[in-house]
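Going by the numbering used here, the sequence shown opens with residue -6, and the numbers climb by one from there. By construction, the Cβ of each residue, glycine as well, lies at the ideal position given by its N, Cα and C atoms. Worksheet: the structure to be examined is printed underneath.
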Amino acid sequence: MTPSATFATTVAPPALDELCINTLRFLAVDMVQKANSGHPGLPMGSASMAYALWDRSLKFNPHDPDWPDRDRFVLSAGHGCALLYALLHVTGFDLPLEELKRFRQWGSRTPGHPEYGKTPGVEATTGPLGQGLTNAVGMAIAEVTLAARFNRPGHRIVNHYTYVLVSDGDLEEGISSEAGSDAGHQHLGKLIVLYADNHITIEGSTELTFTEDRMARFAALGWHVQKVERSNDVEAVVLALENAREETGRPSLIAVRTHIGFGSPHKQDTAAAHGEALGVEEVRLTKEGMGWPVEPPFHVPEEALEHFRKAVARGESAQSEWESHFKAYVKDFPDLAAEFSRVIDRRLPKDWDAGLPAFSAADGPMATRVASGKTIAVLGARLPEMMGGSADLNPSTHTNREGAGDFEPENWGGHNMHFGIREHAMGAILNGMALHRGLIPYGGTFLVFSDYMRPPMRLAAMNALPVIYIFTHDSIGMGEDGPTHQPVEQLVGLRSIPGMVVLRPADANETVAAWRIAIGRKKGPVALILTRQGLPVLGLDKYPGIPAGVPLGGYILADCPAGAKPDIILVATGSEVHLALEGRDKLTTEGVQARVVSMPSTNHFASQPDDYREKILPTGTPLLVIEAGATLGWRSYIGPQIDVIGVDTFGASAPGAVVMEHYGFTVENVCKQAHNVLHRLKEKA
Ligand SMILES: Cc1ncc(C[n+]2csc(CCOP(=O)(O)OP(=O)(O)O)c2C)c(N)n1
């Protein structure tokens, strides 16, 4: 396969470029060496191409990292983050050199892999390979769809590129084919990928595992592909980037033949440069070999800093140019401009939830997936920023919005997305859309296939991204397709993701309440778990507590006669709530007083104050939990005799022993918690 273009010049970068590139290289080397942990090889090899992009084309303002029309840059090979932190520092983001010296330490702004929200200028949490590339596809989708919606002749207020730096690992991961296929199909011409083609992964040469013709593969996926043979040829990378931007109909892949650990006399082009500090002696030899002062570490030559910091003036001028365009836009299109600001700020319009349906018993039986579809139709009409679809299951997941148009190549104004049978990419694309801002992304599939998209869901939770999942066919109750399609362990699995709100509504009215929560949640994902089968509708006349009860996670749906103390509490979720209600009626005739608690969200219930939870599930009253899924997880409702030292939030970047201590895994804390349990039991006795 011949790439669309090959650049094989051998020009060494001019002196100032070289000084700047070496500044990046050695900042990364020193960060990893000081932490004695991290990945020096990729930064050393990729510094020149990153420099070519950041110095010559990337549109960004270090003093306003969130300016909406900036170009996006995603370091998909997140393990190489020392390079990103070095770039952010030298170009003038709020990342002082001190933070680079605290690389990978507790509480620093330079965690072991880039974390969105922790470091200004980091556009996405990356590290799990393939995710960043696919986030970037989502960002590029957001760009074209917002451009279609908001740009007007003479007014291009949405007009930026999405750049990504990937490694072999990113392209080996299967998700890159899903994402590449979708990006090629959608003609995302403003997506440009720089590939650090260094022929090395952890176990050695890519000859071991990765011998396909990558250029041919991406060309077949509909991409424009180019090769740059020499990584240090800044001008060749600059030219390839220009070509990529000129190619408007296809996304671009630029494979740059980089050298892992460039400059290290004993480690360059070997796996030894990948994932550990070079070592004091090798750092010395590398610096000497490249004419760099051995001491002090973290050396930033004034001339290089001065050059890098021009990014601030450049960025401020690009931003102010955009702002003056935007002012003119406000004048010509005041309503659209206000709408643009609203969606970028994630503000909901006034009365956004007016007109949501209220269902009556006569509407039933109705599957909650159907109620969800009806709710989406109403919400979508009021919230044009809602955009989503499913992994080829729209007719089953009820995720299609009538009249909202299809998002298709060159018809980017459509709201209905067709992700194809690509759940993994769908999850990561939704993350990219949310990261970009301006959209409320949602995606659907069968609950059992949520497993295929678990990695991006975990990242959505970690990044606190407002992404909505619509998972239907939610239990063995889905029937005939059998065990391969019947989810069992997925509910507990989703609930175990810190920050993921899981809602399994019992009927159509709980479904509406669940959607209200999902749309209102601006920080963090929500999974709606919906039935395939029809369910009776719990009319609001008989069950007026539903709208207020669902947001509490669990509430009393049907109680014992006034004043009576329940003999037992039936706790149920989703379709099993109806079983609990019928069971309660029968138990009453048998002389047993039963309360029915509907618990659409164990997460929300767990976060209610103790006295509320005690009111709903008084200590000592027997419980029977009814849920058509794995029973693991319900044990935490057993009572005061149980406590757990565990991890219910995402971890932190620091040496392992420090992390363990901060999370309470110490002898002192074990004893303290043991005393707490004993004390609680004594009090209850
Ligand atoms: C999904 C996933 N699997 C495994 C890893 C662990 N890992 C980190 S880097 C890497 C591969 C290294 O090769 P490459 O991507 O070429 O990076 P380079 O050696 O050029 O730094 C692996 C397997 C990961 N980060 N993400």
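Counterpart residues of residue i in DSSP-defined beta bridges
i: Thr194; result: Gly197
i: Val227; result: Paired residue(s): none; Val227 is not in a bridge.
i: Lys675; result: Answer by DSSP bridge pairing: none, since Lys675 is not bridged.
i: Glu473; result: DSSP, once it has assigned bridges, lists no residue as partnering Glu473.
i: Phe66; result: Tyr156
i: Asp636; result: The partner list for Asp636 (beta bridge, DSSP) is empty, contrary to what the question assumes.
i: Ile410; result: Inspection of the sequence shows that residue 410 is occupied by Met rather than by Ile. According to DSSP, Met410 bridges with Gly382.
i: Tyr548; result: Ser591
i: Tyr445; result: Tyr445 pairs with nothing; no bridge assigned.
i: Leu436; result: Note on identity: in this sequence residue 436 is Gly, with Leu being the wrong assignment. According to DSSP, Gly436 bridges with Gly382 and Tyr462.
i: Arg277; result: DSSP, once it has assigned bridges, lists no residue as partnering Arg277.
i: Asp399; result: Asn409
Residue i Cβ short of 8 Å to ligand 1 heavy atom set
i: Ser30; result: no
i: Glu166; result: yes
i: Pro448; result: yes
i: Ser160; result: yes
i: His267; result: yes
i: Pro104; result: no
i: Leu680; result: With the chain running from -6 to 678 in the structure shown, residue 680 is simply not present.
i: Thr642; result: no
i: Asn424; result: no
i: Ile193; result: yes
i: Ile681; result: Given that the chain is displayed from residue -6 to residue 678, the structure contains no residue 681 and the question cannot be resolved.
i: His300; result: no
i: Thr199; result: yes
i: Ala189; result: yes
i: Gly576; result: no
i: His72; result: yes
i: Ala75; result: no
i: Arg399; result: Contrary to the premise, residue 399 reads as Asp rather than Arg in this sequence. No, ligand 1 has no heavy atom inside 8 Å of this Cβ.
i: Gly34; result: yes
Which listed residue (the options) has its alpha carbon closest to that of residue i
i: Lys535; options: Ala551, Ala541, Leu523 and Asp474; result: Ala551
i: Gln26; options: Gly527, Leu271 and Ala311; result: Leu271
i: Asn424; options: Ala21, Arg415 and Asn456; result: Asn456
i: Leu487; options: Met426, Leu625, Thr204 and Val83; result: Leu625
i: Tyr435; options: Met380, Gly268 and Ser443; result: Met380
i: Ser679; options: Pro402, Met37 and Ser317; result: Because the chain here runs from -6 to 678, residue 679 falls outside it and cannot be looked at.
i: Arg362; options: Thr204, Phe66 and Asn502; result: Asn502
i: Ala189; options: Glu205, Gly162 and Gly182; result: Gly162
i: Ala499; options: Ala557, Phe53, Ser594 and Gly567; result: Gly567
i: Asn128; options: Thr438, Asp48 and Met419; result: Met419
i: Met208; options: Ser198, Ala229, Val186 and Glu228; result: Val186
i: Thr438; options: Val218, Leu432, Gly398 and Gln479; result: Gln479
i: Ser365; options: Thr465, Leu35, Ser353 and Met426; result: Thr465
i: Glu11; options: Ser594, Arg606 and Pro294; result: Pro294
i: Gln179; options: His192, Glu403 and Gly584; result: Glu403
i: Thr279; options: His267, Pro289 and Gln261; result: Gln261
i: Glu171; options: Arg142, Gly398 and Gln124; result: Gln124
i: Arg447; options: Glu416, Pro537, Pro350 and Ser50; result: Glu416
i: Ala297; options: Glu583, Met653 and Arg18; result: Arg18
i: Ser591; options: Ala650, Thr582 and Ala507; result: Ala507
i: Phe143; options: Pro289, Pro104, Gly114 and Pro377; result: Pro377
Same chain, Cβ closer than 6 Å to residue i, neighbours up to 5 away in sequence not counted
i: Met24; result: Ala75, Leu93 and Phe96
i: Gly177; result: Leu214, Gly215 and Trp216
i: Val137; result: Trp405
i: Gln98; result: Ala647
i: Ala330; result: Tyr322 and Val323
i: Ala1; result: At Ala1 the pLDDT is 43, less than 50, meaning the model places this residue with poor confidence; the figure from the coordinates comes in the next sentence. For Ala1, where only same-chain residues beyond five positions count, the Cβ hits under 6 Å are Glu222.
i: Val589; result: Leu550, Ala551, Leu563, Ala573, Leu574 and Arg577
Chain-order list of residues whose beta-carbon lies under 8 Å from that of residue i (same chain, five-residue window excluded)
i: Arg514; result: Pro459 and Val494
i: Thr3; result: Reliability fails at Thr3, whose pLDDT of 38 lies under 50, so the model's placement of it is uncertain and the value that follows must be treated cautiously. Excluding residues within five positions, the ones whose Cβ falls inside 8 Å are Arg223 and Asp226.
i: Asp385; result: His411, Phe412, Gly413 and Ile414
i: Thr202; result: Glu165, Thr194 and Glu196
Cut-off 7 Å between Cβ atoms - residues of its own chain near residue i, not counting five sequence neighbours on either side
i: Pro491; result: Ala454, Asp641, Thr642 and Phe643
i: Leu671; result: none
i: His291; result: As written in the sequence, residue 291 is Phe, which differs from the His given in the question. Contacts found: Leu20, Asp23, Leu90, Leu93 and Lys94.
i: Thr659; result: none
i: Met(-6); result: In this prediction, Met(-6) has a pLDDT of 41, which is less than 50 and means its spatial position is unreliable; nothing more can be read from the coordinates.
i: Phe301; result: Cys13, Val83 and Thr84
* Just list the beta strand (DSSP E) runs in the stretch 320 to 378, keeping only unbroken ones of 3 residues or longer that don't cross its boundaries, in chain order. => none
* Completely contained beta strand (DSSP E) runs for the stretch 16 to 99, where each covers 3 or more residues -> 65 to 68
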